[in-house]
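I have placed the structure first, in the form of structure tokens, so that the comments after it can refer back to it.
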Amino acid sequence: MQRHRWSTIFLFTLLCVFFLAGNALAKGPKAKPFIPDLADEWTIVRPAERYPDFQFKGLAPACSNGPDAESDEFFFFVKGGDVNNLVVYFQGGGACWDGLTCLGYKPYTQDCTVDDNPVNYGGMFDFQRPDNPFKEWSFVFIPYCTGDIHWGAQDTDYIFESPFGPLAGTIQHRGFVNFQVVLQYITDTFAKPDKIFVTGSSAGAYGALGGFPWIKEAFPKAHVTLLGDAGMGINPAEYMQLSRANWNTQYPPWLLYGEEDHPTVANFWTRVADAYPRSKIGEFTNAWDEVQIMFYGLIYATMGLEPPFSVPYDWHVRMWQGLDDKAEQGNYRYYVADGVAHTILATDLFYTESSAQGIPFLSWLDAMVKNQGGTNGRGAMPWRNVACEDCRE
């Protein structure tokens, strides 16, 4: 009788094992806990179709509807991965802040096109490279088409006094509206990611900074890391006031000290680092980034402000002042590379840059994402503050 009882238990256990194994095989290789079943190629998500009633502050997701835009439709790209980690990338593409820059000179991307597909990008988007630390991660790529560094939630009327007479137009500064619908998709799609890497290049660096607190609050148990690529935010105070009014800049309300609190970009980095001390936060820039310096001079010129004696030198000095202030936070690090290049994440420099004290950028970033080196003190090799030789001069 005892032998029969144990035989029955053994057969029952064996059947359970076969059932569970068969069920796992039926689900296929992508059926892993919490990993969404997404295509492993870039796919377009159209909010107008997926979230037709979505609004933020009474505005629907849209691009700028600028003078040269072919359409004001906003869409974004997603790609599935094999591990329970997610990259959220904010695209760059200039900015506009008054009639001259929004309707006349137009140094910003005005619409979304199929050319925005990240399949055309290199660097961290090259998934064929074995040394790409993100090759198995899922991706959400947020295009930029609103002229407001992803921070706006307002349609603004502008007038440009051209040589041929005044030009009038309304620019839809809805970058933050677009981010909010993407965040809705992310929370609907990704249940419990282990790691989230929030990043962006140029204007997208500011989008990553502004979006990080919202993403971290949405996934409090995930290890969320923030990296800004070539977006130091060195601007005169008058520009910050004008752009804030014309874009209706959206800051996380829980990081403000009242309705009249308007932090600078450098101060915003410090607040974010202070509010989320267990998250690693960093920035990359070239010491003499020619595009950031160009925009710095353009702001002075378009706003009628008296420029500094040397625009490149003034930007460089203020860049270092901002980095030194932010580096007081224990969980913040910077990587300052030599030269005038602009951005690194989507370029071949992602794999070859090593001008900061001989430390490869890829090793520095890999240590950051793997949560190596701690978040207090100066940090361990290689995730620490590093800069190219003589870059402070």
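Read in order, the letters of the sequence shown are residues -26 to -1, 1 to 367 in mature numbering (1 follows the signal peptide of the UniProt record, and there is no 0). The beta-carbon is built from N, C-alpha and C at its ideal position, and this holds for glycine as well.
Write down the C-beta distance between P81 and G68 rounded to the nearest angstrom, noting that I regard them as a contact closer than 8 Å.
Yes, they are in contact, since the Cβ atoms of P81 and G68 sit about 4 Å apart, within 8 Å.
Nearest-angstrom Cα separation, counted from F50 out to S112
Each residue's CA atom was taken as its position, placing S112 and F50 some 14 Å apart.
Mind pulling the alpha helix (DSSP H) runs of 4 or more residues that sit fully within the region 270 to 298?
For the alpha helix (DSSP H) assignment, the region 270 to 298 encloses no uninterrupted run of at least 4 residues.
Cβ of Y63 within 9 Å of Cβ of L319?
Using a Cβ distance threshold of 9 Å, Y63 and L319 count as a contacting pair.
V246, enclosing beta strand (DSSP E) - first and last residue:
Per DSSP, V246 belongs to no beta strand (DSSP E); it is in the alpha helix (DSSP H), V239 to A249.
Is it the case that the region 24 to 43 contacts the region 100 to 116, given that we only count it when at least three CB pairs across the two stretches are under 8 Å?
Not touching, per the Cβ criterion.
Tell me whether the region 223 to 236 and the region 82 to 97 touch, counting them as touching only if at least three CB pairs, one residue from each stretch, are closer than 8 Å.
The region 223 to 236 vs the region 82 to 97: no contact.
K190 - containing alpha helix (DSSP H), residue span:
Per DSSP, K190 belongs to the alpha helix (DSSP H) from A177 to A192.
Can you have a look at N209 and say buried or exposed, based on whether 16 or more other CB atoms are within 10 angstroms of its CB?
The residue is buried, with at least 16 neighbouring Cβ atoms inside 10 Å.
Determine the closest residue to R252 out of F138, Y287, M214 and K169, with distance taken between C-alpha atoms.
Closest option to R252, Cα to Cα, is K169.
Let's see if you can read the secondary structure: which residues bound the alpha helix (DSSP H) around A22?
Here the alpha helix (DSSP H) through A22 covers P21 to R24.
Using a Cβ-Cβ distance under 9 Å, would V172 count as near chain D?
This model lacks chain D altogether, as it is built from one protein chain only.
Would you check if the distance between the CB atom of S97 and the CB atom of D312 is smaller than 9 Å?
Correcting the residue identity first, residue 97 is Gly in this sequence and not Ser. Not in contact: G97 and D312 (Cβ atoms no closer than 9 Å).
Roughly how many angstroms separate the alpha carbons of D203 and M214, rounded to a whole number?
In a straight line, the C-alpha of D203 is about 20 Å away from that of M214.
Between which two residues does the alpha helix (DSSP H) containing I208 stretch?
For I208, no alpha helix (DSSP H) encloses it, and the DSSP letter there is neither H nor E.
Starting from N152, trace the beta strand (DSSP E) in both directions and tell me its first and last residue.
N152 -> not in any beta strand (DSSP E); alpha helix (DSSP H) instead, spanning G149 to T163.
What's the call for F171, buried or exposed, on a 16-neighbour Cβ count within 10 Å?
Its Cβ being crowded by 16 or more others within 10 Å, F171 is buried.
Between the alpha carbons of A182 and G205, how many angstroms are there, rounded?
Taking the straight line from one Cα to the other gives about 10 Å.
Between Y132 and C76, what straight-line distance do the alpha-carbon atoms span, to the nearest angstrom?
Cα-Cα distance, rounded: 8 Å.
What does the alpha-carbon distance come out to for the pair F48 and T120?
Distance between the alpha carbons of F48 and T120: 10 Å.
Given a threshold of 16 other Cβ atoms within 10 Å of its Cβ, counted over all protein chains shown, does N59 qualify as buried or as exposed?
Per the 10 Å Cβ criterion, buried.
Which class does V88 belong to by DSSP, given the choice of helix, strand or coil?
DSSP, reduced to helix, strand and coil, places V88 within a helical segment of the structure shown.
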